[in-house]
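Numbering (the UniProt record's numbering), first residue to last: 1 to 212.
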């Protein structure tokens, strides 16, 4: 058993040595001092390398850089990409990695004061973020709920937006279910699992509101 594990570890190490470092080093070198315009262009070519490099740049950016990135629709591009990726499912590991690196960029934006203020002042962004819950990637779902919880804690406006997004998403889920039933009323009625999760998280957000 240990021999098999050792062999697997060696294969993984060889693969990382062959592919990983070159991509990571290249992405960090390319975007370390990149202007927002270049990052916007790279966002139009989604890849793990580009998203990883962008995350690094976002984490190290100052307020002026972040504002320019947001004004150039950087957050819009990230959320649109996340929405597209959520519709694919995660049949391939590459898609799952792409989702995770994309959501890590959204997290980096929200970790910036200018970034989270920008989101709170534009309610549509929170709804877009919630649409990404359609993914089958559990890790992405977990991060989305963490970001929504952060909004709840950040301010009363953030809390209201999170609840609004939950209600909007719940309504869309119910509408989809009704359309599904009306298309073939002979099908057995069932309650989607994601609906239970939404109800639970809505309750959690409601409890958080007492401390705001």
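No residue lacks a Cβ here, since even glycine has one placed at the ideal position from N, Cα and C.
Note that this is a predicted model, so its numbers are computed, not measured.
Open item on the list: Please list the terminal residues of the continuous alpha helix (DSSP H) segment that includes residue 62.
Closed with: In the DSSP annotation of this structure, residue 62 is not part of any alpha helix (DSSP H), being labelled neither H nor E.
Task: Where the alpha helix (DSSP H) containing residue 44 begins and where it ends - done: Run containing residue 44: none; DSSP gives neither H nor E here.
- [ ] Under 8 Å by Cβ, that's how I've got residue 102 and residue 129 pegged, so tell me the actual separation to the nearest angstrom.
- [x] The pair is not a contact, with the Cβ atoms about 11 Å apart (cut-off 8 Å).
Open item on the list: What would DSSP say about residue 149, mapped onto helix, strand or coil?
Closed with: Assigned with DSSP and collapsed to three states, residue 149 falls in helix.
- [ ] Could you tell me the boundaries of the alpha helix (DSSP H) in which residue 96 lies?
- [x] In the DSSP assignment, residue 96 falls within the alpha helix (DSSP H) that extends over 93–110.
Task: Environment of residue 64 [buried if 16+ CB atoms lie within 10 Å] - done: Result: exposed.
Open item on the list: Quick check on residue 179: buried or exposed, where buried means 16 or more other Cβ atoms within 10 Å of its Cβ?
Closed with: Confidence at residue 179 is low in this model, with a pLDDT of 45, below 50, so the placement of that residue should be treated as unreliable; the coordinate-derived value is given next. With fewer than 16 other beta carbons inside 10 angstroms of its own, residue 179 counts as exposed.
Open item on the list: With three or more C-beta pairs closer than 8 Å as the rule, is the region 158–170 touching the region 117–128?
Closed with: The region 117–128 makes contact with the region 158–170: 3 or more CB pairs, one atom from each, lie closer than 8 Å.
Open item on the list: Going by beta-carbon coordinates alone, are residue 87 and residue 134 separated by less than 8 Å?
Closed with: Judged by beta-carbon spacing, residue 134 lies within the 8 Å limit of residue 87, meaning their Cβ atoms are closer than that value.
- [ ] From the DSSP output, in three-state form, read off residue 32 for me.
- [x] Residue 32: coil per DSSP, three-state reduction.
TODO: Please state whether DSSP places residue 52 in a helix, a strand or coil.
DONE: Residue 52: helix per DSSP, three-state reduction.
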